[in-house]
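In the working numbering, the protein residues as written are 863 to 1078.
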């Protein structure tokens, strides 16, 4: 996994690289409904730049998630409601930020920390199959969602551009869209994008994804 962010006109830049592992289960309750759940452990190496100071550190995350998914058909359309709950606890190791200010070496030690994040998500997807020929099926889809933060670090307060703590809303709207491809019931490919910060003033979060899976 990899991620990155920047803010304050380039004065704050972060990058993270790592991996996650964990068990996953799913159970079909009825022809229309199924439940799923997962546990996870994630290890990340984080690189941080704050103006002229730089540092890197490791973080560890334990997570749990559960969801119930539905599927209904209306004419040629598939409608998929979903309700999910998740919680993650993140542990950050201590590290140093180092740099030079006016030719003077500076080192700032940042102590270890941990924080939790819990959320609920309600969403609905609409999609349909399109025959593309040569054993290839396409599925364009669109999704609207509502993300509710139940437990947030620092009660959801973040630093504004003038370094003041600002409250953020625990409720955020999301919109996603994309296309899935299926080849001979053996290979599936999903490409899509989304905007994940509807209702958050001054904050823009975009998502892009590409996934491939093989049946065996």
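Glycine included, each C-beta is placed from N, C-alpha and C at the ideal position.
Could you say which of the options lies nearest to residue i if we only look at CA atoms?
{"i": "residue 1078", "options": "1069, 1061, 1048 and 1062", "result": "1048"}
{"i": "residue 911", "options": "957, 944, 1071 and 1076", "result": "957"}
{"i": "residue 887", "options": "897, 878 and 893", "result": "897"}
{"i": "residue 953", "options": "939, 931, 973 and 962", "result": "973"}
{"i": "residue 890", "options": "932, 1064 and 1073", "result": "932"}
{"i": "residue 873", "options": "977, 971, 913 and 1075", "result": "913"}
{"i": "residue 1015", "options": "977, 993 and 991", "result": "977"}
{"i": "residue 991", "options": "965, 939, 1018 and 964", "result": "939"}
{"i": "residue 1080", "options": "930, 1070 and 1072", "result": "One cannot answer for residue 1080 here, as it falls past the ends of the chain, which runs 863 to 1078."}
Going by the CB atoms, is the gap between residue j and residue i shorter than 9 Å?
{"i": "residue 900", "j": "residue 928", "result": "yes"}
{"i": "residue 1029", "j": "residue 979", "result": "no"}
{"i": "residue 1068", "j": "residue 1054", "result": "no"}
{"i": "residue 880", "j": "residue 906", "result": "yes"}
{"i": "residue 894", "j": "residue 934", "result": "yes"}
{"i": "residue 1031", "j": "residue 1061", "result": "yes"}
{"i": "residue 917", "j": "residue 903", "result": "no"}
{"i": "residue 968", "j": "residue 962", "result": "yes"}
{"i": "residue 923", "j": "residue 865", "result": "no"}
Assuming residue i contacts residue j (C-beta within less than 8 Å), just tell me the rounded distance between them.
{"i": "residue 925", "j": "residue 949", "result": "7 Å"}
{"i": "residue 1043", "j": "residue 1000", "result": "6 Å"}
{"i": "residue 919", "j": "residue 951", "result": "About 17 Å; that fails the 8 Å criterion."}
{"i": "residue 1046", "j": "residue 975", "result": "Wrong, their Cβ atoms sit about 49 Å apart, outside the cutoff."}
{"i": "residue 981", "j": "residue 1010", "result": "6 Å"}
Who does residue i pair with in a DSSP beta bridge?
{"i": "residue 1082", "result": "For residue 1082 there is no data in the structure shown, the boundaries of the chain being 863 and 1078."}
{"i": "residue 1043", "result": "1000 and 1051"}
{"i": "residue 905", "result": "881 and 922"}
{"i": "residue 1071", "result": "1054"}
{"i": "residue 929", "result": "898 and 946"}
{"i": "residue 864", "result": "879"}
{"i": "residue 957", "result": "972"}
{"i": "residue 1124", "result": "The chain is shown from 863 up to 1078; residue 1124 falls before or after that span and cannot be answered."}
{"i": "residue 1011", "result": "981"}
{"i": "residue 917", "result": "910"}
{"i": "residue 888", "result": "898"}
{"i": "residue 995", "result": "998"}
{"i": "residue 1035", "result": "1008 and 1060"}
{"i": "residue 1076", "result": "1049"}
- Evaluate contact between the region 998-1008 and the region 1026-1037, counting only Cβ atoms and requiring at least three cross-stretch pairs below 8 Å. Enough Cβ pairs lie closer than 8 Å, so yes.
- On the three-pair Cβ rule with 8 Å, is the region 931-948 touching the region 983-999? Cβ pair count under 8 Å is three or more, so yes.
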